[in-house]
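Chains as they are written, first to last, in my numbering: chain G, 1 to 305; chain Y, 1 to 305. Taking it in order: structure first as structure tokens, then the write-up.
There are 2 protein chains.
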Amino acid sequence: MSGPGEVILGDWGTSRLRLFRMRGEEIVDRADGPGIGALNGTPAAALVAAVAPWRGEGAMSVTLCGMVGSRNGLVEVPYAACPATLAEWREATLSLSIEGLDIMIAPGLKTRNWLGAPDVMRGEETQIFGAIAGDPALGRGRHLIVLPGTHSKWAAIVDGRVERFHTFPTGEFFALLRDHSTLARAGAREEGRDEGFDTGLARSAEFDGLLAAIFEARSAQLLDGRSHGWALGYLSGLLLGHEAGEGLRLLGDRPERILMIGDPGLTALYRRAFAARGIQTLDLDGNGCSIAGLIALQSSGKESH
Amino acid sequence: MSGPGEVILGDWGTSRLRLFRMRGEEIVDRADGPGIGALNGTPAAALVAAVAPWRGEGAMSVTLCGMVGSRNGLVEVPYAACPATLAEWREATLSLSIEGLDIMIAPGLKTRNWLGAPDVMRGEETQIFGAIAGDPALGRGRHLIVLPGTHSKWAAIVDGRVERFHTFPTGEFFALLRDHSTLARAGAREEGRDEGFDTGLARSAEFDGLLAAIFEARSAQLLDGRSHGWALGYLSGLLLGHEAGEGLRLLGDRPERILMIGDPGLTALYRRAFAARGIQTLDLDGNGCSIAGLIALQSSGKESH
Chain G
1 MSGPGEVILG
11 DWGTSRLRLF
21 RMRGEEIVDR
31 ADGPGIGALN
41 GTPAAALVAA
51 VAPWRGEGAM
61 SVTLCGMVGS
71 RNGLVEVPYA
81 ACPATLAEWR
91 EATLSLSIEG
101 LDIMIAPGLK
111 TRNWLGAPDV
121 MRGEETQIFG
131 AIAGDPALGR
141 GRHLIVLPGT
151 HSKWAAIVDG
161 RVERFHTFPT
171 GEFFALLRDH
181 STLARAGARE
191 EGRDEGFDTG
201 LARSAEFDGL
211 LAAIFEARSA
221 QLLDGRSHGW
231 ALGYLSGLLL
241 GHEAGEGLRL
251 LGDRPERILM
261 IGDPGLTALY
271 RRAFAARGIQ
281 TLDLDGNGCS
291 IAGLIALQSS
301 GKESH
Chain Y
1 MSGPGEVILG
11 DWGTSRLRLF
21 RMRGEEIVDR
31 ADGPGIGALN
41 GTPAAALVAA
51 VAPWRGEGAM
61 SVTLCGMVGS
71 RNGLVEVPYA
81 ACPATLAEWR
91 EATLSLSIEG
101 LDIMIAPGLK
111 TRNWLGAPDV
121 MRGEETQIFG
131 AIAGDPALGR
141 GRHLIVLPGT
151 HSKWAAIVDG
161 RVERFHTFPT
171 GEFFALLRDH
181 STLARAGARE
191 EGRDEGFDTG
201 LARSAEFDGL
211 LAAIFEARSA
221 QLLDGRSHGW
231 ALGYLSGLLL
241 GHEAGEGLRL
251 LGDRPERILM
261 IGDPGLTALY
271 RRAFAARGIQ
281 TLDLDGNGCS
291 IAGLIALQSS
301 GKESH
């Protein structure tokens with residue numbers, strides 16, 4: 001049962017719902033549920049069911065970010081436009097009430113990226129604002145935050161606002177090639193993944209062209225006896241190396257260091273890709289950033305009502 | 001029934017078997033069958049069944065190219081190494097006899113491509129040697145032949161031999177993105193494909209990075225009201241433009257013109273991609289090249305026995 005002063009915070013993405021029951025800044029309990037893309041019923045019914053074990057007397061405050069604010073979510077929340085400060089992001093929040101739940105939903109962000117193309121994010125902005133809220137140093141000067149994932153986001157932070165960002169769908173590319181292509185499935189042996197990663201990374205530095213280098217995942221199995229594991233490592237190293245190279249070329253000037261938010265196994269691979277180009281990285285805690293961002297949103301919401 | 005002086009020529013790829021019953025250089029009849037990747041029984045049984053309507057008294061000569069010579073085919077024929085002349089390619093042919101069929105199978109080619117990576121082809125070499133056999137001008141000087149497709153091949157022809165080639169799995173990438181990705185499936189409207197193609201082509205010329213530009217297929221639907229058709233066109237233009245750009249950068253010097261062998265609908269799109277970079281193209285007839293290549297192989301086979 002939800003006690004006095006308790007609130008629910010949550011990140012509801014395409015593939016997963018993560019809920020945190022908070023007392024102040026302390027996590028009292030947590031729960032997981034299906035993502036927006038994996039629901040049988042309506043998002044409203046799924047949310048009511050997910051928080052049911054925590055319901056007590058009276059209303060309950062729930063603050064959510066992620067694809068829950070997309071057109072397939074609970075309600076479509078228009079994107080806030082970059083450059084965006086924490087306050088401007090908060091202003092674009094949508095509130096609604098469902099069966100005694102007072103729900104706030106974070107907006108995503110939209111921008112014109114470094115190519116001048118339209119670009120969007122939903123969920124990552126909460127981690128970014130959480131990082132800014134949690135570190136006064138990020139409120140001044142220029143910083144680069146990279147959030148590796150299915151759709152990696154590179155965000156330029158200038159004096160505490162999200163100035164601009166750019167999406168690289170690198171993780172989705174890797175999954176497509178691993179699961180559906182002819183490039184990685186010629187063999188069965190799994191060793192050699194690390195060596196393949198290094199070879200792919202090296203290829204990405206030799207030539208600025210992804211299409212020209214990617215068939216080697218298959219041909220090296222056919223001609224050089226490379227394993228399936230090597231091919232997967234090669235694809236991973238090649239893709240991450242190209243993302244790193246393309247992003248740095250788009251930025252123009254080289255950042256002193258890059259802050260990363262993401263799965264530790266994945267950021268470790270990105271660290272190698274950036275190190276190969278002489279750039280240091282620092283990992284931030286993803287869950288911590290999400291919660292800090294939702295707290296920043298939720299607190300302000302309370303004040304404004 | 002097969003008459004005197006008749007032979008069977010065929011291109012047996014992953015997805016399709018195409019057979020031609022020839023009298024000299026005249027096509028007397030043709031038949032299609034399932035590809036090597038789509039067989040229920042053995043390749044041998046499938047071939048015997050496919051030519052059964054043409055069987056007469058005595059042996060029958062069958063000359064085949066394509067994936068029929070891969071490890072999943074009728075028999076694995078080792079790749080001939082580049083640089084390769086028509087004569088060297090012929091020498092690597094394998095012959096076998098199955099139920100009265102005297103079968104010759106063309107070898108594929110292997111090379112180190114322009115990145116120094118291992119590269120392979122099976123089937124396209126027959127079209128290339130067919131083009132060379134059919135045009136004395138290709139026997140002298142340098143020429144570039146591009147064969148667009150699932151795995152596009154760029155081949156440098158020097159004094160009538162295949163000097164080197166390079167694979168761009170552009171068609172496979174497009175199919176993965178069209179059928180399995182989140183990038184093109186946000187909408188349902190089909191108009192705007194041509195305009196999307198031009199935008200993708202233009203993006204490919206602005207910046208040498210594929211990953212950085214590909215998310216626009218999705219974000220332009222979300223923010224700019226672009227259709228599903230536009231997004232597919234964008235992906236196609238972006239991929240073809242990058243293949244053209246990467247290939248030309250790898251080559252170093254610009255070819256005066258490019259010869260293309262492939263599906264006319266596809267070569268028409270490549271023509272736009274090359275024209276945008278100031279390169280003229282000339283289409284060769286793909287079926288004609290296949291048959292000319294198989295005739296060159298089959299004739300020589302007869303002479304050498």
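The beta carbon of each residue, even a glycine, is placed where N, CA and C say it ideally should be. Since we're looking at a predicted model, the values are computed, not measured.
When we look at the beta-carbon of residue i and count the other beta-carbons within 10 Å, is it buried (16 or more) or exposed?
i	result
Gly42 (chain G)	According to the sequence as given, residue 42 (chain G) is Thr; it is not Gly. So Thr42 (chain G) ends up on the exposed side.
Glu303 (chain Y)	Note that Glu303 (chain Y) scores 44 on pLDDT, short of 50, meaning its location in the model is unreliable and no value can be drawn from it.
Ser132 (chain Y)	Residue 132 (chain Y) is actually Ile in this sequence, not Ser. Its Cβ being crowded by 16 or more others within 10 Å, Ile132 (chain Y) is buried.
Ser290 (chain Y)	buried
Gln221 (chain G)	buried
Gln280 (chain G)	exposed
Leu96 (chain G)	exposed
Ile157 (chain Y)	buried
Arg254 (chain G)	exposed
Arg71 (chain G)	exposed
Asn40 (chain G)	exposed
Ala81 (chain Y)	exposed
Glu124 (chain Y)	buried
Ile214 (chain Y)	buried
Glu76 (chain G)	exposed
Val51 (chain G)	buried
Glu246 (chain G)	buried
Leu69 (chain G)	The amino acid occupying residue 69 (chain G) in the given sequence is Gly; Leu does not appear at that position. Counting Cβ neighbours within 10 Å, Gly69 (chain G) comes out buried, since at least 16 surround it.
Asp208 (chain G)	buried
Val28 (chain G)	exposed
Pro148 (chain G)	buried
His305 (chain Y)	The predicted model places His305 (chain Y) with a pLDDT of 38, which falls under 50 and marks its position as unreliable; any figure quoted below should be read in that light. Classification for His305 (chain Y): exposed.
Pro169 (chain Y)	buried
Is the CB of residue i under 7 Å away from at least one CB in chain G?
i	result
Phe197 (chain Y)	no
Glu243 (chain Y)	yes
Please decide whether residue i counts as near chain Y, where near means a Cβ-Cβ distance under 7 Å.
i	result
Val146 (chain G)	no
Ile128 (chain G)	no
His180 (chain G)	yes
Ala38 (chain G)	no
Lys153 (chain G)	no
Ala212 (chain G)	yes
His305 (chain G)	Residue confidence is low: His305 (chain G) scores 38 on pLDDT, short of 50, so the model does not pin down where it sits. No coordinate-derived value is stated.
Ser299 (chain G)	no
In chain Y, what lies closer than 9 Å to residue i by C-beta?
i	result
Arg203 (chain G)	Leu115, Ala117
Leu120 (chain G)	According to the sequence displayed, residue 120 (chain G) carries Val and not Leu. Phe215, Arg218, Ser219, Leu222, Leu223, listed in chain order.
Run down chain G in chain order and give the residues with a C-beta less than 8 Å from the C-beta of residue i.
i	result
Phe174 (chain Y)	The contacting residues do not exist; Phe174 (chain Y) stays about 11 Å from chain G at best.
Run down chain Y in chain order and give the residues with a C-beta less than 8 Å from the C-beta of residue i.
i	result
Asp194 (chain G)	Those within 8 Å of Asp194 (chain G) in chain Y number zero; the least Cβ separation is about 19 Å.
Using a Cβ cut-off of 9 Å, pull out every chain G residue sitting near residue i, in sequence order please.
i	result
Ser15 (chain Y)	Under the 9 Å cutoff, chain G gives no residues; its nearest Cβ is about 11 Å from Ser15 (chain Y).
Asp253 (chain Y)	Within 9 Å Cβ-Cβ: nothing; Asp253 (chain Y) doesn't reach chain G, min ~16 Å.
Asp208 (chain Y)	Asp208, Gly209, Glu246, Arg249
Which chain G residues are close to residue i, counting only those with a beta carbon under 7 Å from its beta carbon?
i	result
Leu183 (chain Y)	Pro169
Cβ-heavy atom distance between residue i and the ligand MG below 6 Å?
i	result
Leu232 (chain G)	With respect to the ligand MG, the structure offers nothing, as it holds no ligand at all.
Just list the alpha helix (DSSP H) runs in the region 31 to 97 of chain Y, keeping only unbroken ones of 4 residues or longer that don't cross its boundaries, in chain order. 43 to 51, 86 to 91
Could you tell me which whole alpha helix (DSSP H) segments of length 4 or greater appear in the region 184 to 253 of chain G? 193 to 206, 211 to 214, 216 to 224, 228 to 251
Please name the residues in the region 66 to 88 of chain G whose beta-carbon is closer than 7 Å to at least one beta-carbon of chain Y, in chain order. none
Counting only runs of 3+ residues fully inside the region 119 to 177 of chain Y, write out the beta strand (DSSP E) ranges in chain order. 142 to 147, 152 to 158, 161 to 168
Quick one: which residues of the region 155 to 169 of chain G get their C-beta closer than 7 Å to a C-beta of chain Y? List them in chain order. His166, Thr167, Phe168, Pro169
Can you list the alpha helix (DSSP H) stretches of 4 or more residues lying completely in the region 255 to 297 of chain Y, in chain order? 264 to 275
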